[in-house]
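The sequence shown maps to residues 2 to 115 in our numbering. Reading through the structure tokens given below for one structure.
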Amino acid sequence: MNKRLISFVAAAALAVTSPVAIVVAQAPVAPRASGASAGPTVAASVAGIRRAEVAKTPAAPAADTRLGAGKNVALMVVGGAALIIGAVIGGTAGVLIAVTGAAIGLYGLYNFVQ
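Structure representation (structure tokens):
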């Protein structure tokens with residue numbers, strides 16, 4: 002009964018954290034360094050004489066919204082691994098490892114969502 006409960010909790014934790022990994026993997030790629038887009042532009046459709054463009058000073062880079070995501074994702078992965086290892090070990094020691102892993106994983110998930 003105890004192993005079954007720990008296995009269920011481990012499966013639930015993996016089900017919760019796997020969509021996070023998919024979202025991180027599907028994040029948009031940074032724009033090209035040259036600044037040119039890959040398709041047709043309005044500027045390219047102008048025929049005739051163009052006004053000389055004034056050099057613009059680049060704006061300060063915006064703060065990365067996912068700046069602390071690496072640490073939080075690492076906490077979720079380590080917590081999930083400890084949860085599974087605790088389920089494999091079994092007994093009192095396994096339950097302690099699994100509960101600690103669940104707490105670490107949930108802490109990482111909480112910080113990631115914030």
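Every residue, glycine too, gets a C-beta built ideally from N, C-alpha and C.
With respect to the 7 Å criterion, A82 and A99 are not classified as neighbours on the basis of their beta carbons. Per DSSP, the unbroken alpha helix (DSSP H) holding I98 starts and ends at G92 to V114. In the structure shown, K57 adopts coil according to DSSP, grouped into three states. Leaving aside the five residues that flank R51 on each side, none in its chain has a CB nearer than 6 Å to its CB. The C-beta of L6 has fewer than 16 other C-beta atoms within 10 Å across all chains shown, which makes the residue exposed.
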